[in-house]
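Contents: one structure, followed by commentary.
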Amino acid sequence: MTTSDNIDRAEISRFSAMADTWWDRDGEFKALHDINPVRLAYVRDRSELAGKAVLDVGCGGGLLAEALAASGAQVTGIDMAEASLAVARAHMRASGLTVNYQQSTAENLAHQIPDHFNVVTCMELLEHVPRPASILNACARLVKPGGDVFFATVNRTWLSRLLVIGMSEYVLGIVKKGTHEYRKLVRPDELKRWGMAAGLDFINLSGLRYFPFIGYASLCDDTSMNYMMHFKRIE
2 MTTSDNIDRA EISRFSAMAD TWWDRDGEFK ALHDINPVRL AYVRDRSELA GKAVLDVGCG
62 GGLLAEALAA SGAQVTGIDM AEASLAVARA HMRASGLTVN YQQSTAENLA HQIPDHFNVV
122 TCMELLEHVP RPASILNACA RLVKPGGDVF FATVNRTWLS RLLVIGMSEY VLGIVKKGTH
182 EYRKLVRPDE LKRWGMAAGL DFINLSGLRY FPFIGYASLC DDTSMNYMMH FKRIE
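So for the sequence shown, this note's numbering puts the first residue at 2; every next one is plus one.
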């Protein structure tokens with residue numbers, strides 16, 4: 002398998018162009034800064050992190066990877082945008098934390114070191130790749146038997162099309178225009194099916210509520226827009 006098999010070069014170029022703003026809390030990635038504590042809590046409440054080998058797939062500038070490292074995990078972060086990885090490495094050096102950043106796809110890493118990680122996270126990536134099911138297969142191979150795998154993504158519904166894309170990107174400008182394509186969004190039933198086909202046990206589905214103007218985010222029962230899903234690899 003080559004790194005070109007499941008990447009969208011236009012997406013990589015888009016995120017590379019925004020790389021310098023990854024750690025600007027009021028910049029292009031403000032929404033990710035706002036929801037990052039909720040993403041971390043979702044993982045931390047469902048799996049042990051201290052001293053554990055954790056992989057963050059599609060780590061970008063390192064927002065979640067650093068938070069996982071600060072929680073005591075031994076973190077590896079992978080991404081295909083080298084500009085984002087450069088920003089992540091620079092911020093890591095300033096923070097004093099340790100994260101092993103690598104330019105790789107999940108598929109390639111799964112070929113190199115299967116059954117290696119206690120926890121695998123993949124946040125806001127599935128909607129940016131040509132074949133999201135391939136990511137789930139790779140994550141299932143990367144995690145050790147009995148380990149935990151976490152995803153966060155956007156549901157493909159009329160409400161997400163209206164608010165996540167239309168309102169957030171084209172009216173309010175909270176998210177950069179073109180960040181999401183409706184046809185590439187993933188429904189929870191699809192994600193659950195792909196995970197189970199890859200040998201993962203479905204554990205939990207939770208909605209993620211976000212009010213951008215006040216920067217408030219929390220878990221909820223409504224999965225019609227953003228949501229998170231927890232799997233465990235069958236032992």
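Yeah, the Cβ is synthetic: ideal placement off N, Cα and C, and Gly gets one too.
| said: When you compare the CB positions of isoleucine 204 and arginine 47, do they come within less than 9 Å of one another, or not? | reply: yes
| Beta-bridge pairing of tyrosine 217 - partner residues as DSSP gives them | Phe212
| request: Keeping to the same chain, check which residues put their C-beta closer than 7 Å to that of glycine 196; ignore five residues upstream and five downstream. | output: Leu137, Phe203 and Phe232
| query | Do serine 207 and methionine 230 have their C-beta atoms within less than 9 Å of each other? | reply | yes
| message | Using only CA atoms, which one of Gly61, Ala68 and Leu86 lies nearest to tyrosine 43? | response | When the alpha-carbon of tyrosine 43 is set against those of Gly61, Ala68 and Leu86, the nearest one is in Ala68.
| Could you give the residue range of the beta strand (DSSP E) that holds tyrosine 102? | 100 to 104
| message | Can you tell me where the alpha helix (DSSP H) holding cysteine 60 begins and where it ends? | response | Here cysteine 60 belongs to no alpha helix (DSSP H), and DSSP marks it neither H nor E.
| request: In angstroms with no decimal places, state the Cα-to-Cα distance between threonine 3 and methionine 124. | output: With a pLDDT of only 47 at threonine 3, under the threshold of 50, the placement of this residue in the model should not be trusted; the figure read from the coordinates follows. Straight across, the Cα-Cα distance linking threonine 3 with methionine 124 is about 22 Å.
| message | Give me, in chain order, the residues of the same chain whose beta-carbon lies closer than 8 Å to that of alanine 74; leave out the 5 immediate sequence neighbours on both sides. | response | Within the same chain, Leu50, Ala51, Gly52, Lys53, Ala54, Val55 and Val120 come within 8 Å of alanine 74 by CB-CB distance, once the 5 residues on both sides are set aside.
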